[in-house]
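Take the sequence shown: its position 206, counted from the start at 1, is 211 in my numbering, and no numbers get skipped. Think of the CB as a built atom: it goes at the ideal place given N, C-alpha and C, for glycine as much as any other residue. Note that the structure is a prediction, hence the values are computed from the model and not measured. Okay, structure first, notes after.
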Amino acid sequence: MTPVSPVLVAQITDTHLFAEIDREWKGLSTARTLQAVLDRLQQIQPPPDLLLLTGDLSQDETPESYQRLVSLIAPLGIPAYWIPGNHDNIPVMAEILNQSPLSPEKSWMLGNWQFLLLSSVEAGCDGGRLSPESLHWLDSQLQQTGDRPVIIALHHHPLPIDSEIMDGMMLHNADEFLAIVDRYPQIKIVLCGHIHQEFQQQRGSVTYLGTPSTCIQLLPKSHPIILDQIPPGFRLLELAIDGTWNTRVERVAAQLPPD
Ligand SMILES: Nc1ncnc2c1ncn2[C@@H]1O[C@@H]2COP(=O)(O)O[C@H]2[C@H]1O
Numbered sequence: 006m007t008p009v010s011p012v013l014v015a016q017i018t019d020t021h022l023f024a025e026i027d028r029e030w031k032g033l034s035t036a037r038t039l040q041a042v043l044d045r046l047q048q049i050q051p052p053p054d055l056l057l058l059t060g061d062l063s064q065d066e067t068p069e070s071y072q073r074l075v076s077l078i079a080p081l082g083i084p085a086y087w088i089p090g091n092h093d094n095i096p097v098m099a100e101i102l103n104q105s106p107l108s109p110e111k112s113w114m115l116g117n118w119q120f121l122l123l124s125s126v127e128a129g130c131d132g133g134r135l136s137p138e139s140l141h142w143l144d145s146q147l148q149q150t151g152d153r154p155v156i157i158a159l160h161h162h163p164l165p166i167d168s169e170i171m172d173g174m175m176l177h178n179a180d181e182f183l184a185i186v187d188r189y190p191q192i193k194i195v196l197c198g199h200i201h202q203e204f205q206q207q208r209g210s211v212t213y214l215g216t217p218s219t220c221i222q223l224l225p226k227s228h229p230i231i232l233d234q235i236p237p238g239f240r241l242l243e244l245a246i247d248g249t250w251n252t253r254v255e256r257v258a259a260q261l262p263p264d
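Right under this line is the structure:
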């Protein structure tokens, strides 16, 4: 019997784009560092089956910044799904990020895996929160997945990362989220953005993963926040039909922020 290929997912996060292509954030042109990541992605064979864009996609909340994202991502021709982060303007992004290959879907199945994307943005706050309605939505989606393996993505980190300032901006009601996760053994991976660094921690049968931004990096376990002089990156995940998986972070040669 021919084995079914795993699904290859690329997570791209915290792109912090502006309307202007050369506008810099902390010394980096965020459009150009994203382009370096996308150039690397285009070399990967076979190409990823889908892209997960896990929030803080704009830094200035303009329609033009989201149009820029579309014009950078669309040439890859890879279906791309997104969630908002604390820097995003949700009505503006929802209006613009709905053209193929971008999709506003938040729940779908591919390669026997169930994908669930959660909006964790709390208005006026850099930290996150899942509303009672969102927690209920998550629970009801999980009830419908049977024993298919599940990957959940949200912008805010639900586990502390030992970084005082970032942990003050984590998912504030992580306990309510984790109580739901604990009830569904089919959940394999919880994926976040927001932290601008690589993170991996096991909690029960679930692996919690955080991923470098496509622009600036933060030094892990730093108090207060310190910029890390390592290149931007992204994450690849290979999800096999039997629920096993593996992942790696790749970093790309790109302009680094000034010292
Ligand atoms: N992907 C999602 N992330 C977070 N909350 C969601 C998501 N999808 C649906 N919900 C919540 O579930 C609610 C269902 O009713 P509403 O559409 O009024 O509002 C919805 C949100 O509050």
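- In this structure LEU214 does not touch ARG253 by the C-beta definition: roughly 11 angstroms separates them, more than the 8 angstroms allowed.
- Per DSSP, LEU43 is one residue of the alpha helix (DSSP H) stretching across 35-48.
- At least one heavy atom of ligand 1 lies closer than 6 angstroms to the C-beta of SER124.
- Under the three-state reduction of DSSP, ILE185 is assigned to helix.
- Per DSSP, GLU100 lies in no beta strand (DSSP E) segment; the continuous alpha helix (DSSP H) that holds it begins and ends at 95-101.
- Using a cutoff of 6 angstroms, the CB of TRP87 does not count as near ligand 1, since none of the ligand's heavy atoms is closer than that.
- Between LEU74 and LEU33, the beta carbon gap of about 16 angstroms keeps them out of contact (Cβ cut-off 8 angstroms).
- Considering only LEU223, ILE157, TYR71, the residue with the shortest C-alpha distance to GLU25 is TYR71.
- The beta-carbon distance between LEU123 and ILE157, rounded to whole angstroms, is 6 angstroms. This is short enough to meet the 8 angstroms contact definition.
- Annotation: the region 168-251 contains the following complete segments of the beta strand (DSSP E) (minimum length 3 residues), in chain order: 192-197, 204-208, 211-215, 238-244.
- Cβ contact annotation for ILE200 (same chain, cutoff 6 angstroms, sequence separation greater than five): HIS162, ILE166, MET171, GLY215, in chain order.
- The region 137-156 makes no contact with the region 86-105, as fewer than three CB pairs between them are under 8 angstroms.
- By a beta-carbon distance limit of 8 angstroms, MET174 contacts ASP131. Their separation comes to about 5 angstroms.
- Rounded to whole angstroms, the separation of the alpha carbons of PRO11 and ILE246 is 6 angstroms.
- When the alpha-carbon of ARG256 is set against those of PRO237, THR38, LEU244, TRP250, the nearest one is in PRO237.
- When the five nearest sequence neighbours on each side are left out, the beta carbons in the same chain lying within less than 6 angstroms of the beta carbon of ASN94 are those of GLU66, in order along the chain.
- In the three-state reduction of the DSSP assignment, GLN72 falls in the helix class, which pools H, G and I.
- One Cα belongs to LEU57, the other to THR212, and the distance between them is close to 17 angstroms.
- If you draw a straight line from the Cα of GLY129 to the Cα of VAL9, it comes to about 45 angstroms.
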